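Heads up, the thing below is written out as structure tokens.
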Amino acid sequence: MKQKPKLAVYWAASCGGCEIAVVNLHEKLLDVDAAMDFMFCPCLMDTKKKDIESLPDRAIAITLFNGALRTEENIEMAHLMRKKSQLLVAFGSCAKGGCIPALANFTKNNELLHSIYIDNHSVDNPAGIIPSGTTAFPEGDMQLTPLLERVKHLAQEVEVDYYIPGCPPEPHQIWNVIETFLAGELPSKGSTIGCGTLTVCDDCDRTKEEKRITAFRRNYEFYPEPEVCLLEQGLLCMGIATRNGCGAPCTKANMPCTGCYGAPEGVGDQGAKMVAALGSVMDIGDTAGLSEEVISERVNAFLTTIPDYSGLFYKYTLASSILGGRVGR
Amino acid sequence: MKDTVRFEPKIIGFLCHWCSYAGADKAGGIQGSYPHNVKIIRLMCSGRVDPLFVLSAFEKGADGVIILACHHGDCHYKEGNCRALQRHSMLSLMLAQLGIEKERCRLDYVSAGEGEKFKRLISEMVESVSILGALQLNL
Ligand code: FES
Chain A
1 MKQKPKLAVY WAASCGGCEI AVVNLHEKLL DVDAAMDFMF CPCLMDTKKK DIESLPDRAI
61 AITLFNGALR TEENIEMAHL MRKKSQLLVA FGSCAKGGCI PALANFTKNN ELLHSIYIDN
121 HSVDNPAGII PSGTTAFPEG DMQLTPLLER VKHLAQEVEV DYYIPGCPPE PHQIWNVIET
181 FLAGELPSKG STIGCGTLTV CDDCDRTKEE KRITAFRRNY EFYPEPEVCL LEQGLLCMGI
241 ATRNGCGAPC TKANMPCTGC YGAPEGVGDQ GAKMVAALGS VMDIGDTAGL SEEVISERVN
301 AFLTTIPDYS GLFYKYTLAS SILGGRVGR
Chain B
1 MKDTVRFEPK IIGFLCHWCS YAGADKAGGI QGSYPHNVKI IRLMCSGRVD PLFVLSAFEK
61 GADGVIILAC HHGDCHYKEG NCRALQRHSM LSLMLAQLGI EKERCRLDYV SAGEGEKFKR
121 LISEMVESVS ILGALQLNL
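Protein chains in written order, with this note's numbering: chain A, 1 to 329; chain B, 1 to 139.
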């Protein structure tokens, strides 16, 4: 019998949501199992690292690698999976652009650890212990893998063959990719697959008219109209600067898109694109006869509603954005 | 004693064709001198300045970016400069979070006749960015 191609799903700095998305294939998982040898997934099965190490190089047909690279152990696993796989796929927004873990790139590691272990209302740590290095236990020494100076996405460390966006990727898109792979019809290497090339607005069926926003509003402030474009209602819906393919489940549930599929095809920086788009739909009213200072003040007053533009616009892509995080950290 | 070499910042200027570029031309016409650190890129309108241009300039080695627009009410395309201002104000908030000083990315207004103002703005920009020093990215 011909051997089935091996499929691996690995997680680095991730939340496990990408594995949930795989499990959400539901009965399609049986089809995956029929066509492929699903042999490694630390979240779901008991295969160990040493089992992977003992495989010949390129023995795995396709590895879906999710999670950002936060620790030296993540780096080690990225290289191992690269070596053992024919196709290495950055699976999900953490592997593709850094996603939530990469928001740490707004700060320094020591500041980050301080917020987590010392200056934290829900932590009782009178000795001020920050876990790191080697700790002796009666059972033996325990070693914590060091943090990297900054969080990376997968392609910043190893060569990546394909990218599948999403936080997490939508199950129907995962299935599409597997079907395309089995049919031998994957596009050229380096492509972003399991998604569209346009924006979430193309998937969203709300009515869209002339966009003129007189104030930014936040989710908790009101119940948005169910049929009207959320951006037109003042919510900072990122559909305009986000790749489609998800089917717009968030806007269907009356929640603005937060941008998890990353920038559309050909757009270099999702945050910059959001600023470009919002800058042309803000309406600060008639400015005729007003001085430059007064106009500037009006714009600044308009902008104060949102406390954290960078965190909002780079929520999923900070590691892959042009600046990559706070400079001079 | 060793000579201290003055740091010469690289500045990119995005100038709108109708007013600010003409203002820069005027500055040349009156034969005034201003620092040579600015590389000017002419656009039809300041409303064309995508924040991506600013970030790309920083990425490619600029230490500062100055956007010069028509005065309010004078934009050839009516509200291009207002959009530029809105984008610039939002981008400034983000740049602050990203550790880039506000002096490195300025927006101001220069009309076709304001050659003197152009000279002053460029001198100020070069001066303030010189004090900050080279922009170090973590790339
Ligand atoms: S034409 Fe000068 S700013 Fe629009």
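Just so it is clear, CB atoms sit at the ideal spot from N, CA and C, and this is done for glycine as well. On a predicted model such as this, the values are computed, not experimentally measured, just so you know.
The beta carbon of B:Y109 sits closer than 8 angstroms to some beta carbon of chain A. Secondary structure note for A:T251: its alpha helix (DSSP H) is the uninterrupted segment P249 to K252.
Uninterrupted beta strand (DSSP E) stretches at least 3 residues long and entirely within the stretch 27-51 of chain B occur at 38-43, given in chain order. Under the Cβ distance rule, B:E59 counts among the residues neighbouring chain A, one pair being separated by less than 8 angstroms. Contact check between the stretch 103-112 of chain B and the stretch 8-28 of chain B: three or more CB pairs, one atom from each, fall below 8 angstroms, which counts as touching.
Residue state for A:L64 is assigned as strand, using DSSP reduced to three classes. Of all residues in the stretch 128-160 of chain A, only R150 come within less than 7 angstroms of chain B when Cβ atoms are compared, listed by chain position. A:C99: not part of any beta strand (DSSP E); DSSP gives it neither H nor E. The three-state secondary structure of B:A22, taken from DSSP, is helix.
B:C16 is bridged by DSSP to B:L43.
Any heavy atom of the ligand FES counts here; residues with a Cβ closer than 6 angstroms to one of them, in chain order, are B:C16, B:W18, B:C19, B:C45, B:S46, B:G47, B:A69, B:C70, B:C75, B:H76, B:Y77, B:G80 and B:N81. One alpha carbon belongs to A:R326, the other to A:G311, and they sit about 11 angstroms apart. Beta-carbon to beta-carbon, B:L91 and B:C82 are separated by about 15 angstroms, too far to satisfy the 8 angstroms threshold. The beta-carbon distance between A:L69 and A:A12, rounded to whole angstroms, is 6 angstroms. This is short enough to meet the 8 angstroms contact definition. Taking 8 angstroms as the threshold, the shortest C-beta distance from A:T197 to chain B does not fall below it.
Under DSSP, B:G64 forms a beta bridge with B:I11. In chain order, L52, L55, S56, F58 and E59 make up the part of chain B whose C-beta sits under 8 angstroms from the C-beta of A:I322. For A:E149, the uninterrupted beta strand (DSSP E) run begins and ends at L147 to K152, by DSSP. Ranked by Cα distance from A:T258, the options A:E149, A:V267, A:C246 and A:G268 are led by A:C246. Sequence-distant partners of A:S191 (beyond 5 residues in either direction) whose C-beta falls short of 7 angstroms from its own C-beta, in its chain, are Y162.
Under the three-state reduction of DSSP output, A:D141 falls in the strand class. Contact between the stretch 166-178 of chain A and the stretch 13-24 of chain A is present: three or more C-beta pairs spanning the two stretches fall below 8 angstroms. A buried status is given to B:F14, since no fewer than 16 other beta-carbon atoms sit within 10 Å of its beta-carbon. DSSP places A:Y314 in the coil class of the three-state scheme, outside both helix and strand. Following the DSSP letters along the chain, one finds A:L88 in no alpha helix (DSSP H) but inside the beta strand (DSSP E) bounded by residues S85 to F91. By the CB criterion at 8 angstroms, A:S321 and A:G271 fall inside the cutoff.
Secondary structure note for A:F38: its beta strand (DSSP E) is the uninterrupted segment D37 to F40. Nearest CB-CB separation between B:C82 and chain A: below the 8 angstroms threshold.
For B:M94, the nearest CB of chain A lies under 8 angstroms from its own CB, placing it at the interface with that chain. Our two residues, A:E139 and A:E157, have alpha carbons roughly 35 angstroms apart in a direct line. A:A301 is classed as exposed because its beta carbon has fewer than 16 other beta carbons within 10 Å across all chains shown. Residues of chain A whose Cβ lies closer than 7 angstroms to the Cβ of B:G73 are, in chain order, A288.
For B:D108, the uninterrupted beta strand (DSSP E) segment begins and ends at C105 to Y109.
If only uninterrupted beta strand (DSSP E) runs of at least 3 residues are considered, those enclosed by the stretch 148-235 of chain A are 162-164. Distance check between A:E297 and each of B:L95, B:L137 and B:H88 places B:H88 closest, using alpha-carbon atoms only.
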